[in-house]
Structures are given as structure tokens and as C-alpha cells.
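Note that my numbering numbers the sequence shown so that position 12 is 13, with each residue one more than the last. Even for Gly, the Cβ is constructed at its ideal location relative to N, Cα and C. Below: the structure, in C-alpha cells.
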Amino acid sequence: MKNDKVLSLLGLATRAGDVVSGEFMVEKCVKSGKAQLVVVATDASENTRKSFTDMCSFYNVPIVFYSDRDSLGKCIGKEFRVSVAVRNEGFANGILKILKDSTQSTEVNK
2 MKNDKVLSLL
12 GLATRAGDVV
22 SGEFMVEKCV
32 KSGKAQLVVV
42 ATDASENTRK
52 SFTDMCSFYN
62 VPIVFYSDRD
72 SLGKCIGKEF
82 RVSVAVRNEG
92 FANGILKILK
102 DSTQSTEVNK
């Protein structure tokens, strides 16, 4: 996880209590209008990617595909996680800004 700003920010947001993880909780967070950003691991299944992309598109929540399930889980202090939702707008915007400014290849749908 070599000095990864996005994962560090996710860890910080987690400690602030602004991150939910796991498919069910993320879906609940998006549908309740609390999610500001959804992060899905790049090694998620095609079905999971499509499901989250469609849901985020419908509820107008930005979604990014980033890192792998192990790193995503590790940065929030869990085993592995395929999806996390950020509830704090400041953290969400910070992550999106880092991704926009970086040359790391990621897909961002807004």
C-alpha cells in the first residue's frame, strides 16, 4: 500500500466514522442518499461492477474503481472489501481530486 493517498484518505474517513463497507451496507447507504462516493475494487466481479455502476448511476452517486479487494479492506481495518461508500462530502471530494490529479489509471464515473 506504498504511500497511497486514496487509501490513506479512506483509512482516515473510516476512523472518522464516515465509511461503510460490504455490499449490503454500501447499497443501503447509496439508496438512503447518504453516500457521497462509492469505491469498488478493480478485481470485483463483472456482475458486482455492473450492479454498483447501475445503482450509482440511478442514484447519481460518483463511483470509482480503485485498488484491489485486499488493499481496500486493509486500509479500513477489515479483511478484504470489494466495495466501500464514503458518507462525508469532504473525504469524497478529496479522493476524487487525488484521482483526477493523479496519473494512476482508474475509471471515474460521475
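Let me confirm a value: residue i is counted as buried when at least 16 other C-beta atoms fall within 10 Å, else exposed. Which label applies?
i	result
residue 18	exposed
residue 33	exposed
residue 59	exposed
residue 82	buried
residue 10	buried
residue 80	exposed
residue 103	exposed
Starting from residue i, trace the beta strand (DSSP E) both ways and give me its first and last residue.
i	result
residue 86	84-87
residue 40	38-41
residue 65	64-66
residue 22	20-22
At a Cβ threshold of 8 Å, is residue i touching chain B?
i	result
residue 18	Here there is only one protein chain, and chain B is not present.
Short of 8 Å in beta carbon distance, which residues of its chain neighbour residue i, apart from the five on each side in sequence? Order them along the chain.
i	result
residue 106	Residue confidence for residue 106 is low, a pLDDT of 47 falling below 50, so the modelled location carries little weight; the figure read from the coordinates is stated next. Taken in chain order, the list of residues that qualify is empty.
residue 78	12, 15
residue 23	82, 84
One question on the structure: do residue i and residue j come within less than 8 Å of each other, judged by their Cβ atoms?
i	j	result
residue 1	residue 45	There is no way to answer for residue 1, as the model of the chain reaches only from 2 to 111.
residue 31	residue 57	yes
residue 43	residue 69	yes
For a test of the three-state rule: what should DSSP assign to residue i, helix, strand or coil?
i	result
residue 107	Its pLDDT being 49, under 50, residue 107 is placed unreliably by the model, and the measurement read from it follows with that caveat. The answer is coil: DSSP assigns residue 107 none of H, G, I, E or B.
residue 52	helix
residue 7	helix
For residue i, which residues from the same chain have a beta carbon less than 7 Å from its beta carbon, with the 5 sequence-adjacent residues on both sides left out?
i	result
residue 53	39, 41, 64, 84
Residue i lies in the alpha helix (DSSP H); which residues open and close that run?
i	result
residue 81	From DSSP, residue 81 is part of no alpha helix (DSSP H); its letter is neither H nor E.
residue 72	70-76
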